[in-house]
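The working numbering numbers the first residue of the sequence shown as 72 and each following residue consecutively.
For reference, the structure is listed below as structure tokens.
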Amino acid sequence: MTSVPDDLSPSDPQNENRDASVRRMKAEAVRRLADRQFVDLDTRAVALGAGLEPAEAQRLFQDEEALLTALILDAYHGMGESAENAAEAAGAAGAGLLGRWTAIWQGVRSWALANPEEYVLIWGRPVPGYSAPPETMAAGARTVLALIGLLREAQKDGALMGGRPGEPPLSEGMARNAEALAAGLLEGLPLPVVARMLVVWTQLHGMVGFEVNGHIAGVAADPAAFFDHAAAAMGEFAGLPR
């Protein structure tokens, strides 16, 4: 830390000017950090970088938005396929509902760690000015549908835990959140389960994002064991039987 000279009091105009300069420097630095989110997908530049003729790039992708949409679709489908395949393999090995649930989480994690930039593209800050077309929403739903499918299976078998003993009632605001979801993908599931699923979904991507962005090393000596533990805990929290 830079010390203040003895002859420069905190109220000195020179000190105030320095503070103002520091604030301006910090504000500009933050602005430049935000610029890191700018995605430069000019098709001509991308084509040249890929060793292609710009004219060929235009035949492949109409514009930057078309190229970005293709990347997003690939990412969502890649993550969804990894999750679905993991659940199928776990089921084939005899895993129950909770084991298949944990496998889905593992499938998301393994894909994200192998494809960090693609993961950040779909689960990081939205690209400024880009409006995702409906087909990306359908692709993005693959993973959550795999998880919801297990909840529905448990519900059909009478094994889904709707209300929990001692569980507090939903607040008015949380009930609105859950009701909106219950009118869509989670239709037919008990409202407490819908509310818990919202927590679970953000927990999943919070944990994966935490690791993808390099923040796990100082927290968990064995990240995979930590992730598996959390995945199983979240499955039980959602309402699956142990």
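Note that beta-carbon positions come from the ideal geometry of N, C-alpha and C, so glycine has one too.
Quantities reported herein were computed from a predicted structural model and do not represent experimental measurements.
Please report how far the alpha carbon of L192 lies from the alpha carbon of I143, in whole angstroms.
For the purposes of this step, residue 192 is taken as the residue at position 121 of the sequence shown. For the purposes of this step, residue 143 is taken as the residue at position 72 of the sequence shown. The straight-line gap separating the alpha-carbon atoms of L192 and I143 is approximately 7 Å.
For V279, does the count of other Cβ atoms within 10 angstroms reach 16, so buried, or fall short, so exposed?
Start at 1 with the first residue of the sequence shown, and residue 279 comes out as number 208. With a threshold of 16 other beta carbon atoms within 10 Å, V279 meets it and is buried.
Beta-carbon proximity of A249 to A266, cut-off 7 Å
Start at 1 with the first residue of the sequence shown, and residue 249 comes out as number 178. Start at 1 with the first residue of the sequence shown, and residue 266 comes out as number 195. Going by C-beta atoms, A249 is nearer than 7 Å to A266.
Report yes if the CB atom of Q177 is closer than 7 Å to the CB atom of A157, and no otherwise.
As a first step, residue 177 must be located in the sequence shown, where it is residue number 106. As a first step, residue 157 must be located in the sequence shown, where it is residue number 86. Yes, the Cβ-Cβ distance between Q177 and A157 is below 7 Å.
Let me make sure I understand the geometry here. Which of E224, A304, G277, E307 has the alpha-carbon closest to that of V179?
Walking along the sequence shown from the start, residue 179 turns up at place 108. Distances from the CA of V179 to each of E224, A304, G277, E307 were compared; the closest alpha carbon is that of G277.
Which class does L192 belong to by DSSP, given the choice of helix, strand or coil?
Counted from its first residue, the sequence shown places residue 192 at position 121. Assigned with DSSP and collapsed to three states, L192 falls in helix.
Within its chain, find whatever has a CB closer than 7 Å to the CB of Y201; leave out the 5 residues flanking it on each side and keep chain order.
To locate residue 201, count along the sequence shown from 1; it is residue 130. Closer than 7 Å at Cβ, skipping near neighbours: E136, L139.
Expressed to the nearest angstrom, what Euclidean distance is found between the alpha-carbon atoms of D111 and G151?
Stepping through the sequence shown from its first residue, residue 111 is reached at position 40. Stepping through the sequence shown from its first residue, residue 151 is reached at position 80. Near 26 Å, if we compare the C-alpha coordinates of G151 and D111.
Cα-Cα, which of V290, M96, P263 is closest to L311?
Here residue 311 refers to the residue found at position 240 of the sequence shown. Selected option, being the one with the closest Cα: P263.
Mapping the DSSP letters down to three states, classify Q70 as helix, strand or coil.
Because the chain is modelled from 72 through 313, residue 70 falls outside the range shown and cannot be assessed.
Distance CB(A301)-CB(T214) smaller than 7 Å
Along the sequence shown, read from residue 1 onward, the residue named residue 301 stands at position 230. Along the sequence shown, read from residue 1 onward, the residue named residue 214 stands at position 143. No, the Cβ-Cβ distance between A301 and T214 is not below 7 Å.
Grab me the residues of F297's own chain with a C-beta within less than 7 Å of its C-beta, minus the 5 sequence neighbours each way, in chain order.
Taking the sequence shown and counting its residues from 1, one reaches residue 297 at position 226. If you ignore the 5 residues before and after F297, its C-beta comes within less than 7 Å of the C-beta of A291, all in its own chain and listed in chain order.
Nearest neighbour of T273, chosen from E206, L222, R103, A309 [CA to CA]:
Here residue 273 is taken as the residue at index 202 of the sequence shown, counted from 1. The option with the nearest alpha carbon to T273 is A309.
Measuring only the C-alpha atoms, how far is G195 from D83?
Here residue 195 refers to the residue found at position 124 of the sequence shown. Here residue 83 refers to the residue found at position 12 of the sequence shown. The straight-line gap separating the alpha-carbon atoms of G195 and D83 is approximately 44 Å.
With 16 as the cutoff for other CB atoms within 10 Å, does A225 come out buried or exposed?
Indexing the sequence shown from 1 puts residue 225 at position 154. When all chains shown are included, A225 counts as buried.
By the three-class DSSP mapping on this structure, what secondary structure does T73 have?
Walking along the sequence shown from the start, residue 73 turns up at place 2. Interpretation of T73 is limited by its pLDDT of 47, a score under 50 that renders its predicted location unreliable; the figure taken from the coordinates is listed afterwards. Secondary structure at T73: coil, using DSSP grouped into helix, strand and coil.
D299 to L123 span [Cα, whole Å]
Along the sequence shown, one-based indexing puts residue 299 at 228. Along the sequence shown, one-based indexing puts residue 123 at 52. Their Cα atoms are separated by approximately 43 Å.
Where the alpha helix (DSSP H) through M232 begins and ends
Translated into positions along the sequence shown, residue 232 becomes position 161. Per DSSP, M232 belongs to no alpha helix (DSSP H) and is neither H nor E.
Beta carbon of P294 nearer than 7 Å to that of E307
Mapped onto the sequence shown, residue 294 falls at position 223. Mapped onto the sequence shown, residue 307 falls at position 236. No, the pair does not count as a contact, with Cβ atoms beyond the cut-off.
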